[in-house]
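Engineer:
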Amino acid sequence: MPPGDLLAEWEGMAVTDGRHLFLEGGAGVEIAAVRGTRDILPGESRLWAWVEEAARRTCARYHYEEIRTPIFELAALFARGIGEVTDIVEKEMYTFVDRGGRELALRPEGTAGVVRAVLEHKLYAGPLPVKLFYVGPMFRYERPQAGRYRQFTQFGVEAFGSADAALDAEIISLGISFLTEVGLKEWELRLNSIGCPVCRGPYRELLRSRLEPLRHELCVSCQQRLDRNPLRVLDCKEEGCRRLTEGIPPIDEYLCPECRRHWESVQEHLNALGIPFRRYPRLVRGLDYYTRTVFELVTIGLGSQDAVLGGGRYDGLAEMMGGPSVPAIGFAAGLDRLLLGLEAAGTLPEPGPEVDLYVARVGDVPQAQVLRLVTELRRQGLRVDMDFLGRSLKTQMKTADRLGAVFTLVVGEGEWERGEVLLRRMSDGSQEVLPREGLAEKVAERLAAAQAIARGEV
Ligand code: AMP
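If you read the sequence shown in our numbering, its first letter stands for residue 59, the second for the next number, and so on.
Structure, rendered in structure tokens:
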């Protein structure tokens, strides 16, 4: 279609000059990723695939299966699940009304959707525990900064149907295995128990009675927290608030007998697994649904003291969402922050070769024949690329080098007419003439041998 027609087609919609988008009758809007979001480009996307594979491998070892829930849900799900008076629900949710008048929200976290799915499909009525994991984008309207985005990716696991402390220990152990798998060896496990609604009531009252007289010395946020969820004053980062809460007895001294037994059992299991932890009375986590165990894995030696993974038990959530009582525990790890941390620590894996083989075409060999050859090689399972821009042999060789090709197959006019091609080993420049007949199998053999040598197996 000629460009004129294309414009006519677009009339009344939007027109772009490549950098700006002109909406009907309006001023130009610069086309750029929305604030707080970003593109993951090829070099980086390989690292993402690597981290996600590590998550999947770890989950397979612990027998957790993947669940994929929608990216948007009814906004009410999050209000009910996460709690109406949390920052996430009050200030950070991307909510919108769809054309059918439904109030929806982009998911700000993974647990509420997973619980909804477990209830909707009655997974709790099948074999227990139900052990699930997810990897995917979450959305929060937060102030963007390094490591904080409005769209970010979490890897999370959730296990339903057992209140046994052994499951708490398993989930924590899974989290640590994942961090180890991606090369993060230094971490601190911060652990606390915030009890159940029964034991939390009196503790909340204790906090209120201690802090009420100091109300005006607390930060503005904590003054609100004091009214709505005084426990959260404990994890305020403000120095002043921390000082004011210093002498307050830890919550684990107020646990009811059952929660105390559970708390002790979690610690015994971790000890038995040889997992060191720090009891961290200030750790309460931001969300309303947690009961008993809460934990964070904080990376150390990466400059910032940042929690890359956090979670806890949420025995009351299924019931709060209208289902039966199903005890559960889970965690979420922020993969953006994890990758930043690994990058800062210089422990990211070196990028590997992008192809095994590059096919260079010289002279008048028909492009279609070369493409066919490349396709045959690909069918052998080799990673192969070729030139599409008619570049010189020298430039094609440079490309082969840049891509990390083990061999380059030089398809030159003379050899091609004789039914032959030249296989060049990139590491030492040695060359071998191979017949066109049965070429793909031969190249695959040569490559497997070269790779075995590179791995030190021969
Ligand atoms: P949360 O769901 O708030 O417990 O967060 C779990 C993990 O997700 C955190 O430890 C962070 O690593 C990550 N995370 C939370 N919010 C953001 C954000 N806005 N941008 C990037 N990562 C985030």
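Just so you know, even glycine gets a beta-carbon here, dropped at the ideal spot from N, CA and C.
Excluding the 5 residues flanking Glu-275 on each side, which residues of the same chain have their C-beta closer than 7 Å to its C-beta?
Structural biologist: Closer than 7 Å at the Cβ level, and outside the excluded window around Glu-275, lie Gly-298, Leu-302.
Engineer: Between Val-366 and ligand 1, is there a pair consisting of the residue's CB and a ligand heavy atom that are separated by less than 7 Å?
Structural biologist: Flag set: Cβ of Val-366 near ligand 1.
Engineer: So, helix, strand or coil for Ile-309, using DSSP?
Structural biologist: It is helical.
Engineer: Judging by CA-CA distance, which residue of Arg-160, Glu-246, Phe-130 is the nearest neighbour of Val-356?
Structural biologist: Closest option to Val-356, Cα to Cα, is Glu-246.
Engineer: Is Lys-149 helix, strand or coil by DSSP?
Structural biologist: Residue state, collapsed to three classes: helix.
Engineer: Select from Ala-113, Ile-89, Val-172 the residue whose C-alpha is nearest the C-alpha of Leu-375.
Structural biologist: Here the closest residue by C-alpha is Val-172.
Engineer: With respect to 7 Å, is the separation between the Cβ of Asp-394 and the closest non-hydrogen atom of ligand 2 below this value?
Structural biologist: You won't find ligand 2 in this model; what it holds is ligand 1.
Engineer: For the alpha helix (DSSP H) that contains Asn-287, what are its first and last residues?
Structural biologist: Per DSSP, Asn-287 belongs to no alpha helix (DSSP H) and is neither H nor E.
Engineer: Please confirm whether Ser-103 has its beta-carbon closer than 8 Å to some beta-carbon of chain B.
Structural biologist: Looking at the structure shown, chain B is missing, and only one protein chain is on hand.
Engineer: Keeping to the same chain, check which residues put their C-beta closer than 8 Å to that of Arg-336; ignore five residues upstream and five downstream.
Structural biologist: Answer for Arg-336: Glu-246, Leu-247, Arg-248, Leu-249, listed in chain order.
Engineer: With C-beta atoms as the reference, is Leu-164 less than 8 Å away from Tyr-182?
Structural biologist: Not a contact, by the Cβ cut-off of 8 Å.
Engineer: According to DSSP, simplified to helix, strand and coil, what is Arg-343?
Structural biologist: Coil, per DSSP.
Engineer: Quick one: grab the DSSP three-state call for Glu-167.
Structural biologist: Note: Glu-167 maps to coil in three-state DSSP.
Engineer: According to DSSP, is Gly-136 part of a helix, a strand, or is it coil?
Structural biologist: In the sequence as presented, Gly is not what sits at residue 136; that position holds Phe. In this structure, Phe-136 counts as helix in the three-state DSSP scheme.
Engineer: Would you tell me roughly how many angstroms separate the C-alpha atoms of Arg-283 and Asp-222, rounded to the nearest one?
Structural biologist: Taking the straight line joining both Cα atoms gives about 31 Å.
Engineer: When the Cα atoms are used, what is the spatial distance from Ala-330 to Leu-232?
Structural biologist: Taking the straight line from one Cα to the other gives about 15 Å.
Engineer: Within 10 Å of its beta-carbon, does Thr-211 have 16 or more other beta-carbons around it, so buried, or fewer, so exposed?
Structural biologist: Classification for Thr-211: buried.
Engineer: Checking 8 Å against the spacing of the C-beta atoms, do Ile-129 and Pro-202 come in under that value?
Structural biologist: No, the Cβ-Cβ distance between Ile-129 and Pro-202 is not below 8 Å.
Engineer: Can you name, in chain order, every residue of its own chain whose Cβ lies under 7 Å from the Cβ of Leu-461, other than the five neighbours on each side?
Structural biologist: If we look at Leu-461 and ignore the five residues flanking it on each side, its Cβ neighbours are Pro-411, Glu-412, Val-413, Tyr-416, Asp-443.
Engineer: In this structure, what does DSSP give as the bridge partners for Phe-191?
Structural biologist: Beta-bridge pairing links Phe-191 to Glu-124, Val-215.
Engineer: Give a yes or no on contact between the region 340-358 and the region 370-390, applying the rule of three or more CB pairs nearer than 8 Å.
Structural biologist: The region 340-358 is in contact with the region 370-390.
Engineer: Give, in chain order, every unbroken run of the alpha helix (DSSP H) that is at least 4 residues long and sits entirely within the region 318-397.
Structural biologist: The region 318-397 contains these whole alpha helix (DSSP H) runs: 375-378.
Engineer: I need the straight-line Cα distance from Leu-162 to Arg-138, nearest angstrom please.
Structural biologist: Cα to Cα, Leu-162 sits roughly 13 Å from Arg-138.
Engineer: Taking the alpha-carbon of Ala-512 as reference, which of Leu-400, Arg-430, Ala-463 has the nearest alpha-carbon?
Structural biologist: Among Leu-400, Arg-430, Ala-463, the Cα nearest to that of Ala-512 belongs to Ala-463.
Engineer: Any heavy atom of ligand 1 closer than 7 Å to the Cβ of Ala-112?
Structural biologist: No; taking the cut-off as 7 Å, the Cβ of Ala-112 has no heavy atom of ligand 1 nearer than that.
Engineer: Cβ of Leu-190 within 8 Å of Cβ of Leu-400?
Structural biologist: Not closer than 8 Å, so no.
Engineer: Please tell me whether Ile-387 and Ala-217 are closer than 8 Å, where the distance is taken between their beta carbons.
Structural biologist: Cβ distance < 8 Å, so Ile-387 and Ala-217 count as in contact.
Engineer: By the three-class DSSP mapping on this structure, what secondary structure does Arg-420 have?
Structural biologist: The sequence shown places Val at residue 420, rather than the Arg named in the question. Here Val-420 sits in strand by DSSP.
Engineer: So what's Gly-241 in DSSP terms, helix, strand or just coil?
Structural biologist: If DSSP states are grouped into helix, strand and coil, Gly-241 belongs with coil.
Engineer: Name the two residues that bound the continuous beta strand (DSSP E) containing Thr-493.
Structural biologist: Looking at the sequence shown, residue 493 is not Thr but Pro. Segment 489-493, the beta strand (DSSP E) holding Pro-493.
Engineer: With 16 other CB atoms within 10 Å as the buried threshold, where does Ala-118 fall?
Structural biologist: Exposed.
Engineer: Give every residue of the same chain whose Cβ lies closer than 7 Å to the Cβ of Thr-144, excluding the five residues on either side of it in the sequence, and list them in chain order.
Structural biologist: Within the same chain, Thr-144 has close Cβ partners Gly-344, Leu-345, Asp-346.
Engineer: Please determine whether the Cβ atom of Tyr-207 lies at a distance below 7 Å from any heavy atom of ligand 1.
Structural biologist: Checking every heavy atom of ligand 1 against the Cβ of Tyr-207, one is found closer than 7 Å.
Engineer: When you compare each of Leu-440, Arg-441, Val-468, Gln-438 to Leu-451 by their alpha carbons, which one comes out closest?
Structural biologist: The shortest Cα separation from Leu-451 among Leu-440, Arg-441, Val-468, Gln-438 belongs to Val-468.
Engineer: Let me confirm a value: Gly-487 is counted as buried when at least 16 other C-beta atoms fall within 10 Å, else exposed. Which label applies?
Structural biologist: With fewer than 16 Cβ atoms within 10 Å of its Cβ, Gly-487 is classed as exposed.
Engineer: Under DSSP, the alpha helix (DSSP H) around Met-455 begins and ends at which residues?
Structural biologist: Note, Met-455: alpha helix (DSSP H), 451-460.
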